[in-house]
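J.: Residue numbers (our numbering): -7 to 262. For every residue, glycine included, the Cβ atom is placed at its ideal position computed from N, Cα and C. Please read all numbers here as calculations on a predicted model, not as lab measurements. One structure is given below, represented as structure tokens, and several questions about it will come after.
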């Protein structure tokens, strides 16, 4: 009967039989907290705990306890790497995208984004410039859109030569809506925002005012705004507006939605 049950499980140093591997908590390593089931990537450390971020951007801190995490379904003990700490925050562009470091701007693609004027182009550059350079998309200002259909024909859009157009005051019944209706190429996307001018797409709070001034019909809108706010020249007003825009949070949602649609359209694979 001596060998009936085989080896004595208590013989020797039985406490060392199960060894949980230790793994460096490198940036972007995806692990699961064994207790809560929270799964995320390593983004940093805080007060002796590892910071995990899930795919929805939610972050939680977990103590670096033995066998507290699962890697590919197996228990591991996370340890902080010996080199410098990983920053907990990722750098973002002004548009809110995750910044891509040490990458050159692409050679310009044939596809383009057109905007109505130089103020529109400057505002788009301020917010989406980093994203557009990575994608290799050039933004070109027009001198208004009165001849848009003819300019589109001259551009010659096609499957690998797409065109996106951002239009001010694109609302039903407006002059702009009638002009846009004449453009019907499947390789052209025309969209826009409801504001009279791209100035108005900047949130009043960014300028420190409660609301944009109401300009009576028949008076040039920019001149009316300047008069109401006590600014002598539209050029001075525009410099002030642009200086107060630092990110997408400083502009209205319709402009953000329109630009994101245009960028997606012109960068979509043929």
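1) Quick check on the burial criterion: 16 or more other C-beta atoms within 10 angstroms. Buried or exposed for residue 178?
2) Can the beta-carbon of residue 59 be found closer than 9 Å to that of residue 37?
3) Within 8 Å, do at least three Cβ pairs link the segment 123 to 134 to the segment 191 to 211?
4) Looking at C-beta atoms only, is the number of pairs between the segment 109 to 116 and the segment 189 to 205 that lie closer than 8 Å three or more?
5) May I ask you to list the residues that DSSP assigns as paired with residue 45?
6) Identify every residue that forms a DSSP beta bridge with residue 61.
7) Checking 9 Å against the spacing of the C-beta atoms, do residue 51 and residue 35 come in under that value?
8) Taking 8 Å as the cut-off, is the CB of residue 112 close to at least one heavy atom of the ligand NAD?
9) Are the segment 140 to 160 and the segment 168 to 184 touching by the rule of at least three beta carbon pairs closer than 8 Å?
10) Which same chain residues, not among the five before or five after residue 41, have their C-beta less than 7 Å away from its C-beta?
11) Given that a residue counts as buried once 16 or more other Cβ atoms are within 10 Å of its Cβ, and exposed if not, what is residue 228?
12) Whose C-beta lies closer than 7 Å to the C-beta of residue 202 among residues of the same chain, with five residues either side of it excluded?
13) Check whether the Cβ atoms of residue 157 and residue 140 lie closer than 9 Å to each other.
14) Between the C-alpha atoms of residue 231 and residue 254, what's the straight-line distance to the nearest angstrom?
15) Taking the alpha-carbon of residue 246 as reference, which of 185, 239 and 198 has the nearest alpha-carbon?
16) Measuring CB to CB, does residue 68 end up less than 9 Å from residue 11?
T.: For this structure:
1) exposed
2) no
3) no
4) yes
5) 33 and 51
6) 25 and 68
7) yes
8) The ligand NAD is absent from the structure shown, which contains no ligands of any kind.
9) yes
10) 53, 54, 55 and 56
11) exposed
12) 196
13) yes
14) 26 Å
15) 185
16) no
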